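The structure appears below as structure tokens.
Residue numbers (my numbering): 1 to 369.
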């Protein structure tokens with residue numbers, strides 16, 4: 001199984017308390033040293049300390065216990081691992097059944113019940129995922145008009161059907177026209193547009209949570225590898241066509257529209273700040289560098305009355321903070337702020353340890369006020 005050994009080695013560096021982190025590190029050390037008695041005892045101390053959500057802790061507690069000839073404890077730990085989500089992946093079910101270190105348990109009734117429960121949970125999870133996927137697609141393609149929730153549209157750009165999602169809060173708290181957040185996602189996209197927009201996990205993007213909190217509309221263009229805002233200027237043309245035609249689809253507060261993005265989406269934001277500054281109330285960038293691949297930014301064309309809020313992390317290895325600061329310090333103006341986080345990496349907006357979601361919401365709240 002691809003991930004078990006690797007994830008085991010990573011366990012001490014996950015989001016545990018310091019004391020718990022030390023115990024798990026000690027258990028790992030004992031396990032790798034084949035001191036299974038100490039490993040089993042230390043895992044039990046860690047598990048007794050607090051409720052641990054990471055199921056690999058319980059898996060290795062089970063493995064250590066079994067290698068220490070504690071068969072009943074091993075099965076108990078496996079059952080706890082299953083209750084935390086172990087076995088939801090097909091390869092995990094297959095792996096546990098073929099694991100030589102558990103072979104001695106195969107004749108036990110409790111083992112058979114445990115494996116049966118794992119398989120049943122796996123099947124139920126597949127059915128749930130399938131239902132979520134079907135409901136998501138049904139919602140997307142019900143696109144005769146914009147509705148509360150998510151709607152998928154396409155903008156024709158030459159021969160490309162350029163997709164974009166529109167999110168509208170389900171229970172608007174006001175009768176006035178709603179503000180609009182344009183969000184350009186990171187990455188250069190998948191091989192096909194459909195691979196991204198048919199994935200229901202798209203709903204978990206922090207920008208949609210922010211929109212629910214702030215009662216705002218989101219326009220979410222979707223890139224693919226051959227049509228993206230990293231090095232394809234046609235995508236910018238497509239975004240402008242989407243925005244120019246949006247009012248015919250939905251009435252919104254034209255004076256309260258902001259644009260931004262994460263990573264390459266943030267880089268693209270600076271193109272809009274240069275070429276169409278007056279269309280937007282302000283701009284925001286997360287983990288971006290103010291630099292384009294296909295043209296040199298002309299910062300003299302930025303509207304210095306329009307705010308830009310940028311946030312980057314010191315430990316971002318994609319766009320190093322020194323490179324970002326060099327450009328920023330050269331061209332900054334009063335309404336362009338740059339916040340530097342001590343940690344969080346390139347994907348800090350998805351990192352709860354640094355309050356990534358809160359950072360997104362706070363930023364958009366400032367711009368839309």
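Glycine is no exception: its CB is placed at the ideal position from the N, C-alpha and C atoms. Predicted model, so just to flag it, every value in this text is computed and none were measured.
**Contact check, residue 252 vs residue 269, beta carbons under 9 Å** = no
**Message:** Let's test the definition: count the other Cβ atoms within 10 Å of the Cβ of residue 307 and tell me whether it reaches 16, buried, or not, exposed.
**Reply:** The residue in question, residue 307, is buried, as its Cβ has 16 or more Cβ neighbours within 10 Å.
**Message:** Can you list, in chain order, the residues of its chain with a C-beta nearer than 8 Å to that of residue 245? Leave out the 5 residues immediately preceding and following it.
**Reply:** 155
**Message:** Whole angstroms are fine: how far does the CA of residue 287 sit from the CA of residue 314?
**Reply:** 10 Å
**Asked** DSSP on residue 262, reduced to helix/strand/coil?
**Response** strand
**Prompt:** Exposed or buried, residue 92, counting other C-beta atoms within 10 Å across all chains shown (16 or more means buried)?
**Reply:** buried
**Message:** My parser needs the beta strand (DSSP E) runs of 3 or more residues fully inside the stretch 226-293; what are they?
**Reply:** 252-262 and 282-286
**Prompt:** Measuring CB to CB, does residue 238 end up less than 9 Å from residue 160?
**Reply:** yes
**Message:** Considering only their Cβ atoms, is the gap separating residue 305 from residue 335 smaller than 9 Å?
**Reply:** yes
**Prompt:** In whole angstroms, what separates the C-alpha of residue 234 from that of residue 227?
**Reply:** 7 Å
**Prompt:** Quick one: what's got a C-beta closer than 8 Å to residue 70's C-beta in the same chain, skipping five residues either side?
**Reply:** 40
**Request:** Grab the span of the alpha helix (DSSP H) containing residue 35 for me, first residue to last.
**Result:** No alpha helix (DSSP H) holds residue 35; DSSP gives it neither H nor E.
**Message:** One question on the structure: do residue 338 and residue 324 come within less than 9 Å of each other, judged by their Cβ atoms?
**Reply:** yes
**Request:** With a cut-off of 8 Å on the beta carbons, I'd call residue 101 and residue 54 a contact; round off their distance for me.
**Result:** Incorrect: roughly 20 Å between the Cβ atoms, too far for contact.
**Request:** May I ask you to check if the CB of residue 286 is nearer than 8 Å to at least one heavy atom of the ligand ATP?
**Result:** No copy of the ligand ATP occurs in the structure displayed, which carries no ligand at all.
**Request:** Could you tell me the boundaries of the alpha helix (DSSP H) in which residue 146 lies?
**Result:** Note, residue 146: premise wrong, no alpha helix (DSSP H); not H, not E.
**Message:** I'd like to know if the stretch 103-115 and the stretch 215-222 are in contact, where contact means that at least 3 CB-CB pairs between them fall below 8 Å.
**Reply:** no
**Prompt:** Cα separation between residue 318 and residue 289?
**Reply:** 9 Å
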